[in-house]
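Heads up: the sequence shown begins at 24 in the numbering used here, then just goes up one per residue. Taking it in order: structure first as structure tokens, then the write-up.
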Amino acid sequence: MAFIHDDMNLYTTAEKFFIEPNGKSEVLVIDRLSHDITLNVKTVNNQVIPNGVSQLRKVCGILGVIRVTGGNYLVVATHRVFVGYVNQQIVWRLAGFDLLPYHNSLTHLNEVQRSHNETYLEMVRNVLDTPYFYFSYTYDLSHTQQRLHGASKEFMQMGFAERADQRFVWNKHLMGSFLRPDLRQYCLPIILGFVSIHQVNVNGHYFSWILISRRSIYRAGTRLFSRGIDHTGSVSNYVETEQIIEYDGDRVSFVQIRGSIPLFWRQAPNLKYKPAPKIDNAKDHQTACQRHFENQLALYGKQVLVNLIDHRGREEILEKAYRSIVAEVTNEQNVRYEAFDFHTECRKMRWDRLNILIDRLAHEQDEFGVFHIKKDSVVISSQTGVFRTNCIDCLDRTNVVQSMLARRSLQNTLTKLGVLVPGQKIENTYTFETLFRNVWADNADLISTQYSGTGALKTDFTRTGKRTILGALQDGLNSMTRYYKNNFNDGFRQDSIDLFLGNYVVLDGEGITRTSPLVSQKGWKYGTFPSVLLFAVAMFFASSVLPQEYNTENLLFLLFWGSMVGLTGFGIIKYGIEFVDWPKLLPPPKEKVTSSKNF
């Protein structure tokens, strides 16, 4: 197996980058002019790195190359944080990066192009600053334990970037020019999601408890700009979560998945607190949904679709449509639909009623089992199916239920391994119980931040086991922050993701021979309505505060400006989509989608 180089020296000259792995007799040379990449062997008589290099950097990984208006930039990892060990291999968190230009200056760009170049670079930084990216030089983080064990010897001999599960490699686009057999040790795949590794002592038994969440690159995006399915069968906010126990040489893995409702639907931001979801009846839902489930069945085996959305109100249309399409395209022997109206069942903080759902899923959870492998590589059991959980966002309600399923699996596993005595519950082990709750809440917060821009809601239940007033207040604050970010920040964030993943590629001549998508014209309402509103508010307060006494003229004046505030406010809400931060690189259509309650 070809492991990846970790600590390296990066030398820069006017013409080339020289990347020298510590303790190795080779140097990777990148020509900054021709973009050629060569691997040279150092010899006594052949000094590959010239004297008098202009700059030396310590780097801990090559993430790839990205093209923006000014040309190519080399993206390198500069800092890392130790997370822990999985299967005796170190896992790291990305803690710093750098973008190194191939060009020596930007004199070949005009002023507008320089501005666009900086905007694109800010997009790349925006993605890499997302909490958190993880990697390993010696372990394939993109695969589950079961997939790794089932791989062939030929597969295991491939480079990490080649054999990685491409769904979860976030720098796949960046590594394109490095995907050569001789450069495999220089390609550092990174995953976005969550990794937690803890050494635990329960009843004198020491074991490693690991939680890994892997976010898919397909149909990736932000909360309100990325919903539903595409024609390939990929869904938004798709995350694979694996819980691993390592004890006395045994490894036990339990996998769950989450993903947006596999229909063509939208919920574009429009300044309303909860935009109404709309199903696009013009699209071929059946073919796309069938592709999705065929792919999931091939990857994971049987599926139980746990749908937690409301059965009434705005979400009702999605619940009925999801139920209908599942009945049309799936086989009941392999796919079962389980609807649970979370908000109705758990209203008035009766979250103990979630146990009703877990009891309904218990038989299939026992049937699906876990992947269990012994120290001598003998497989005791394999996981034969997964729970695919969703709510409207696949965040808050989803994480609560996933943590409860993970707890039940963990309870059974620790009992079978002899860590817990018969009849003992995880709840009785105070230290581990607290750790379990907090790690799952941390997982919820990171998965939510990556998609919605804020931490998850309802994490007080995950952390404490009950719903609290303080938790409800924190949810209110997070909800308002989500509202602001989803309406006024997420267009840029969606553009950042599309650029980083290669969904949009900057072309030659952008800003000269071809129009840049960064140049977009706002309609007249964008500037007029807010200006009139601010002026009307100012005049209203002036009319109410300044007069020493009120007469008919002053009251009419006050009434007029109050009416102007109301009318312009109504206009802003009515044309709310005009004021939203809309994606520019691959903008979704703003027109209304044909929708019907009869799917």
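The C-beta atom is built at its ideal place from N, Cα and C for all residues, glycine as well.
Counting pairs of Cβ atoms below 8 Å between the region 549-568 and the region 580-587, do you hit three or more?
yes
For Tyr-270, which residues does DSSP report across the bridge?
Asp-273
With a Cβ-Cβ cutoff of 8 Å, do Val-588 and Leu-556 count as a contact?
yes
Thinking C-alpha only, which one of Asn-45, Ile-220, Val-424 is nearest Gln-111?
Of the listed residues, the one whose Cα sits closest to Gln-111 is Ile-220.
Spatial neighbours of Ser-432 within its chain, please: CB distance less than 8 Å, with the 5 preceding and 5 following residues excluded, ordered by chain position.
If we look at Ser-432 and ignore the five residues flanking it on each side, its Cβ neighbours are Gln-266, Phe-277, Gln-388, Val-393.
To the nearest angstrom, report how far apart Asp-273 and Ile-396 are at their CA atoms.
6 Å
Nearest-angstrom Cα separation, counted from Ile-268 out to Leu-51:
Between the alpha carbons of Leu-51 and Ile-268 lies a gap of roughly 39 Å.
Could you work out which residue in His-126, Leu-247, His-58, Glu-38 is closest to Pro-606 when comparing CA atoms only?
Leu-247
Assumed close pair Val-223, Phe-455 - CB separation to whole angstroms, cut-off 8 Å
5 Å
Asn-501 versus Asp-531 - alpha carbon distance
41 Å
Assigned secondary structure, Gln-425 (DSSP; H/G/I helix, E/B strand, else coil)
helix
Rounded to whole angstroms, what is the Cα-Cα separation between Val-262 and Thr-36?
Distance between the alpha carbons of Val-262 and Thr-36 is about 42 Å.
Any alpha helix (DSSP H) of 4 or more consecutive residues that is wholly inside the region 298-348:
Segments of the alpha helix (DSSP H) lying fully in the region 298-348: 308-323.
So, helix, strand or coil for Trp-374, using DSSP?
helix
If you reduce the DSSP assignment to three classes, tell me which class Asn-501 lands in.
helix
Bridge-paired residues (DSSP) for Phe-410:
Val-327
Residue from Leu-211, Cys-414, Asn-451 with nearest C-alpha to Asp-29:
Closest in C-alpha terms to Asp-29, from the list Leu-211, Cys-414, Asn-451, comes Leu-211.
CA-to-CA distance, Ser-236 to Arg-658, given in whole angstroms:
No information on residue 658 is available, as it lies outside the stretch 24 to 622 that the chain covers here.
Do you know how far the Cα of Leu-541 is from the Cα of Ser-57?
C-alpha separation (whole angstroms): 28 Å.
According to DSSP, which residues form a beta bridge with Gln-112?
Val-109
Between which residues of its own chain and Lys-39 is the CB-CB distance below 7 Å, once the five residues before and five after are set aside?
Val-52, Ile-53, Asp-54, Arg-55
Contacts around Arg-420, its chain only, beta-carbon distance under 6 Å, and the 5 residues preceding and following it disregarded:
Leu-331, Phe-365, Cys-414
Checking 8 Å against the spacing of the C-beta atoms, do Val-114 and Ser-159 come in under that value?
Yes, Cβ-Cβ distance for Val-114 and Ser-159 is below 8 Å.
Less than 8 Å between the CB atoms is what I'm expecting for Gln-544 and Arg-238, so what's the real figure, rounded?
Gln-544 to Arg-238, Cβ: 34 Å. No contact.
Within this structure, are the beta carbons of Gly-408 and Tyr-323 separated by less than 8 Å?
yes
On the CB-based measure, 16 or more other CB atoms within 10 Å of its CB, does Met-372 come out buried or exposed?
exposed
With H, G and I counted as helix, E and B as strand and the rest as coil, what does DSSP make of Asn-68?
Because Asn-68 carries a pLDDT of 48, less than 50, the predicted location of this residue cannot be relied on, and the following value inherits that uncertainty. Here Asn-68 sits in coil by DSSP.
Could you give the DSSP three-state label for Ser-475: helix, strand or coil?
helix
Return yes when the Cβ of Val-99 is within less than 8 Å of the Cβ of Lys-123, no when it is not.
Looking at the sequence itself, residue 123 is Leu, so the reference to Lys does not match. Yes, these two residues count as a Cβ contact at 8 Å.
Starting from Ala-362 and walking both ways along the beta strand (DSSP E), at which residues does that stretch end?
Looking at the DSSP string, the run of the beta strand (DSSP E) that includes Ala-362 is 358-362.
Measure the CB-CB distance between Thr-255 and Gln-279 and report whether it falls below 8 Å.
no
Run the CB neighbour count on Cys-312, radius 10 Å, all protein chains shown included, and call it buried at 16 or more, exposed below.
buried
Count the other CB atoms within 10 Å of the CB of Ser-400; is the residue buried (16 or more) or exposed (fewer)?
exposed
Straight-line CA distance for Leu-169 to Ile-233?
Residue identity differs from the one stated: residue 169 is Gln in this sequence, not Leu. Taking the straight line joining both Cα atoms gives about 15 Å.
Can you tell me where the beta strand (DSSP E) holding Thr-35 begins and where it ends?
31-35
Three-way DSSP call (helix, strand, coil) for Tyr-229 in this model
strand
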